[in-house]
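Worksheet: the structure to be examined is printed underneath.
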Amino acid sequence: MNAELYLSDLESKPEALTALAGRLRAEDPFAGLPAGIDRVLFLGMGSSRYGAGVAALRLRAAGVFAHAEYSSAAASLPPAEGTLVVPISATGSSRETLDAVVAYAGGQARLAAFTNSPGSPLAAAADLVVDLHAGEERGGVACRTFQHTLALLLALESRLTGRDRDLPALLERAAQASADLLERRDEWLPLTMELLDGPHGVYTIAPAERLSSAEQSALMFREGPRRPADACESGDWSHVDVYLTKTLDYRALLFPGSRYDGQAMDWVRERGSTVIAVGGEVKDAAAAIRYVHDDDPDVALLTETLVAELVAAYWWSAQ
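Everything in the sequence shown is counted per full-length UniProt numbering, starting at 1 for the first residue and increasing by one.
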């Protein structure tokens, strides 16, 4: 792992995502998907599972039976006709995910592997390989692969639900949003780093529909600069994390959009905690980081983790 190369990986996000948009215009990565799918099981660990959790929720909301499982679970849905199993691993060599697919390979269920390594063991076990096309992450941290995983999960959603949308155009807007954050980092990054630099770690808060943003952001603080960090869902915050504001110097990134943001901010206001809002104005937040197209929840889903990724990169480089 290398902090400088990680920052370089982040800076290439707009270019890589724009290239993926072009690929999706030219070809359908799910052209080989069989008909008759009536349930979907996602398998993954770490950031792969974070993205899968959001994808499963979106599919359920559209009427598709879908579940995201830890690859390390001893057992999950049994193999059955009509089941699409989607193992996700950027390297294609995650031990837990390779172990999990054994129960489904060569059976009634179909395997569609998401990986950045088409020649990997995971790809070899799959019926369909979905290449993330994120390029080599020389910094050793999953950042572009996380963004591309989310993008291709949205493509799978469109395929399974029949939703008519211009996904390449969405990816291009997200690339523009990422570029905007990168180009204007001198305007927002120094203050953000200062406000989040407390003695008790960093906390991240997001609505269930974008919980992956909070989870990935917290992981970036742990993985690069090795700082304590944890994620929480916006509504659940008032039941599980509110207690920390009473005893800690509580500092958080809030990804707004939940109808329960105000409930959390009431406690933040009362206890003098520090919250930075990403992608929207929130009453009594210490700061708000805006970017182009941040009024589109799907652009936010694909973009907003870049704020935490950049803070983590600069903290890491300074060590």
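Glycine included, C-beta positions come from ideal geometry on N, C-alpha and C.
Assuming contact is defined by CB atoms lying nearer than 8 Å, are residue i and residue j in contact in what I supplied?
i	j	result
Gly92	Ser212	no
Ile205	Ser238	no
Glu209	Leu57	yes
Thr83	Leu41	yes
Ser71	Ser47	no
Leu310	Arg185	yes
Asp230	Gly198	no
Leu254	Ala287	no
Trp146	Thr18	Rather than Trp, the amino acid found at residue 146 in this sequence is Phe. Result no, Cβ atoms of Phe146 and Thr18 do not sit closer than 8 Å.
Leu153	Gly51	yes
Val85	Val102	no
With H, G and I counted as helix, E and B as strand and the rest as coil, what does DSSP make of residue i?
i	result
Arg271	helix
Pro297	helix
His67	strand
Tyr50	helix
Pro87	strand
Arg251	strand
Ala73	coil
Val307	helix
Leu33	coil
Arg159	helix
Arg226	coil
Asp131	strand
Arg60	helix
Val278	strand
Gly262	helix
Tyr101	A small correction: the amino acid at residue 101 is Val; Tyr does not occupy that position in the sequence shown. Val101 falls in the helix class under three-state DSSP.
Glu172	helix
Gly119	coil
Arg110	strand
Tyr243	coil
Phe233	One detail in the question is off: residue 233 reads as Glu in this sequence, not Phe. If DSSP states are grouped into helix, strand and coil, Glu233 belongs with the strands.
Tyr291	coil
Ala206	strand
Arg39	strand
Gly44	strand
Within 10 Å of its beta-carbon, does residue i have 16 or more other beta-carbons around it, so buried, or fewer, so exposed?
i	result
Pro256	buried
His133	buried
His293	buried
Ala73	exposed
Leu171	buried
Pro190	exposed
Thr247	exposed
Asp38	exposed
Met1	exposed
Tyr203	buried
Arg23	exposed
residue 340	This structure leaves residue 340 out entirely; the chain is present only between 1 and 319.
Gly119	exposed
Arg144	buried
His200	exposed
Asp9	buried
Tyr104	buried
Tyr243	exposed
Gly36	exposed
Between the alpha carbons of residue i and residue j, how many angstroms are there, rounded?
i	j	result
Leu301	Leu150	8 Å
Val130	Ala214	25 Å
Pro29	Val268	44 Å
Glu136	Ala252	31 Å
Ala31	Met45	26 Å
Ala16	Arg25	14 Å
Ser89	Ala126	12 Å
Phe114	Pro87	6 Å
Val307	Gly107	42 Å
His67	Val141	26 Å
Pro228	Ala3	18 Å
Arg218	Asp261	Residue 218 is actually Ala in this sequence, not Arg. The alpha-carbon atoms of Ala218 and Asp261 are separated by roughly 19 Å.
Ala179	Lys13	8 Å
With a cut-off of 8 Å, does the C-beta of residue i fall near any C-beta of chain B?
i	result
Val268	Among the chains in the structure shown there is no chain B, since it carries only a single protein chain.
| Would you call the stretch 262 to 272 and the stretch 210 to 229 touching, i.e. three or more CB-CB distances under 8 Å? | Touching, no, given that fewer than three Cβ pairs across the two stretches are closer than 8 Å.
| Three or more C-beta pairs below 8 Å linking the stretch 274 to 287 and the stretch 151 to 159 | In this structure the stretch 274 to 287 does not lie against the stretch 151 to 159, because fewer than three pairs of beta carbons, one per stretch, are closer than 8 Å.
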